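Scroll down for the structure; my scribbles are underneath it.
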Amino acid sequence: MLAALATAVDDADPLAGLAVRDVPVPAPPPGWARVRLRAASLNHHDLWTLRGVGVRPGQLPLVLGTDGAGVDDDGREVLVHAVVTSPGWAGEETQDPGRSLLSERHPGTLAEEVWAPARNLVPLPEGLSAVEAACLPTAWLTAYRMLFTRSGAAPGSTVLVQGAGGGVSTALVALGAAAGYRVWVTSRSPAKRERALALGAAAAFEPGARLPERVDAVMESVGEATWEHSVRSLRPGGTVVVCGATSGEA
1 MLAALATAVD DADPLAGLAV RDVPVPAPPP GWARVRLRAA SLNHHDLWTL RGVGVRPGQL
61 PLVLGTDGAG VDDDGREVLV HAVVTSPGWA GEETQDPGRS LLSERHPGTL AEEVWAPARN
121 LVPLPEGLSA VEAACLPTAW LTAYRMLFTR SGAAPGSTVL VQGAGGGVST ALVALGAAAG
181 YRVWVTSRSP AKRERALALG AAAAFEPGAR LPERVDAVME SVGEATWEHS VRSLRPGGTV
241 VVCGATSGEA
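With UniProt numbering applied, the sequence shown covers 1 to 250.
Laid out in structure tokens, this is it:
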């Protein structure tokens, strides 16, 4: 099958290790199901892999891609949940020390087909195309969990999203605005600030700007570059929800 691979890692030139070529169809573990992919979305995770983050010696080549949607062998239109838990794990997925994402230990979705645990196949949401649904599993599910499960904020609350423009940040703006939150964003890019406002953000600021008031929750995925501002922007008793640190650890 044709697939996009990480064949080498290079922090300075990550795309140097990217290749598209035929690869053998993998032998799936018991209880896994095949999806013939109609769409797969790019994720920053793919770039981190090409830079060598989380890649152990001997793993390459790796089929990239965490997100996808297609048709299973029963003819159902499905999207593929990206988190793969340890065999027999029955608890909260994020608490499983052996969890991984597709493309980390198992071939990913940037291919003609992918195998995943049967429980990871979710019916395609009504009204969404395969292209739209393929964007949901990693970025949008992360954003949903940050905002609605972990933030402690409620509709009407003010939520600051650091670093507008990425997949998670875009999802946070769209979900928050739709749910009745007052969403503020930061970005160095005027175009990204304008895009966030078009998606429903109530206000957009330069990184590190003094805000009109302190916020109820901060959605943090940038890390070192914004951490101090995130803490200073929070009201007493507010919450910082962290899903990553793309600029480095604080």
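All residues carry an ideal CB built from backbone N, CA and C; glycine is no exception. Because the structure is a prediction, the values reported are computed rather than measured.
(message) Restricting to runs no shorter than 4 residues, where is the alpha helix (DSSP H) found entirely within the segment 163–250?
(response) 167–178, 190–199, 227–232
(request) Measure the alpha-carbon distance for ARG21 versus ALA4 and round it to whole angstroms. (result) Here residue 21 refers to the residue found at position 21 of the sequence shown. Here residue 4 refers to the residue found at position 4 of the sequence shown. Rounded to whole angstroms, ARG21 to ALA4 spans 7 Å at the Cα level.
(message) Taking DSSP's pairing of strands, which residues face TRP140 in a bridge?
(response) Working through the sequence shown from its first residue, we reach residue 140 at position 140. Answer is none; TRP140 lacks a bridge partner.
(message) Please tell me whether LEU15 and LEU50 are closer than 8 Å, where the distance is taken between their beta carbons.
(response) Here residue 15 refers to the residue found at position 15 when the sequence shown is read from its first residue. Here residue 50 refers to the residue found at position 50 when the sequence shown is read from its first residue. Yes, Cβ-Cβ distance for LEU15 and LEU50 is below 8 Å.
(message) Under DSSP, the alpha helix (DSSP H) around THR130 begins and ends at which residues?
(response) Numbered from its first residue, the sequence shown carries residue 130 at position 130. The sequence given here places Ala at residue 130; Thr does not occur at that position. That run of the alpha helix (DSSP H) goes 130–133.
(message) Beta-carbon within less than 7 Å of SER233's beta-carbon, same chain only, minus the 5 sequence neighbours each way: which residues are those?
(response) Position 233 of the sequence shown, counting from 1, holds the residue named residue 233. Excluding positions up to five away in sequence, the list reads LEU160, LEU211, ARG214, VAL215, VAL218.
(request) Less than 8 Å between the CB atoms is what I'm expecting for LEU47 and LEU110, so what's the real figure, rounded? (result) Taking the sequence shown and counting its residues from 1, one reaches residue 47 at position 47. Taking the sequence shown and counting its residues from 1, one reaches residue 110 at position 110. Actually they do not touch by this definition, with Cβ atoms about 12 Å apart.
(request) With distances taken Cα to Cα, identify the nearest neighbour of residue 270 among GLY176, THR85, LEU141. (result) Residue 270 lies beyond the range of the chain shown here (1 to 250); nothing can be said about it.
(request) Using three-state DSSP, classify GLU123 as helix, strand or coil. (result) Stepping through the sequence shown from its first residue, residue 123 is reached at position 123. According to the sequence displayed, residue 123 carries Pro and not Glu. Reduced to three states, the DSSP call for PRO123 is strand.
(request) Would you mind working out which of GLY180, HIS45, GLY237, PRO29 sits nearest SER157, comparing C-alpha positions? (result) Your numbering for residue 157 matches position 157 in the sequence shown. It is GLY180 whose Cα lies nearest to the Cα of SER157.
(request) Have a look at ALA171, GLN162, PRO155 and flag the residue whose alpha-carbon is nearest the alpha-carbon of ALA143. (result) Within the sequence shown, numbered from 1, the residue matching residue 143 stands at position 143. Nearest option by C-alpha distance: ALA171.
(message) I'd like the list of long-range same chain contacts for GLU93, defined as Cβ closer than 7 Å, with 5 residues on each side in sequence excluded.
(response) As a first step, residue 93 must be located in the sequence shown, where it is residue number 93. The residues are VAL83, THR85, ARG99.
(request) Between the Cα of CYS243 and those of THR138, ALA198, SER187, PRO155, spot the shortest distance and give me the residue it belongs to. (result) Sequence index remark: in the sequence shown, residue 243 carries index 243 (1-based). Taking only the C-alpha atoms, the option nearest CYS243 is THR138.
(request) Would you decide whether PRO107 is buried or exposed? Buried here means 16 or more other CB atoms lie within 10 Å of its CB. (result) On the sequence shown, residue 107 is found 107 positions in, with the first residue counted as 1. Buried: at least 16 other Cβ atoms inside 10 Å.
(request) Please report the residue range of the alpha helix (DSSP H) in which TRP48 lies. (result) Here residue 48 refers to the residue found at position 48 of the sequence shown. Residues 44–51.
(message) Does THR66 pass the burial test, meaning 16 or more other C-beta atoms within 10 Å, or should it be called exposed?
(response) Here residue 66 corresponds to residue number 66 of the sequence shown, with the count starting at 1. Flag for THR66 reads buried.
(request) Whole angstroms is fine: what's the gap from ALA153's alpha carbon to ALA8's? (result) Stepping through the sequence shown from its first residue, residue 153 is reached at position 153. Stepping through the sequence shown from its first residue, residue 8 is reached at position 8. Between ALA153 and ALA8, the C-alpha separation is close to 42 Å.
(message) From the DSSP secondary-structure annotation, give me the bridge partner or partners of GLU113.
(response) Sequence index remark: in the sequence shown, residue 113 carries index 113 (1-based). Looking at the DSSP assignment, GLU113 forms a beta bridge with ARG36.
(message) If you reduce the DSSP assignment to three classes, tell me which class residue 253 lands in.
(response) As shown, the chain starts at 1 and ends at 250. That puts residue 253 outside it, with no answer to give.
(message) On the DSSP bridge list, what partners appear for ALA69?
(response) In the sequence shown, counting from the first residue as 1, residue 69 sits at position 69. Answer is ALA39, LEU79, bridged to ALA69.
(message) Here's a check: name, in chain order, each residue in its chain whose Cβ is nearer than 8 Å to the Cβ of ALA178, leaving out the five neighbours to either side.
(response) Stepping through the sequence shown from its first residue, residue 178 is reached at position 178. Excluding positions up to five away in sequence, the list reads GLY200.
(request) For the segment 21–31 and the segment 111–128, state whether three or more C-beta atom pairs, one from each stretch, are separated by less than 8 Å. (result) yes
(message) With DSSP as the reference, identify every bridge partner of ASP22, one or two as the case may be.
(response) Looking up residue 22 in the sequence shown gives position 22. According to DSSP, which records beta bridges pairwise, ASP22 is partnered with LEU2.
(request) Taking all protein chains shown into account, decide if LEU2 is buried (16 or more other Cβ within 10 angstroms of its Cβ) or exposed. (result) The residue labelled residue 2 in the question sits at position 2 within the sequence shown. It counts as exposed.
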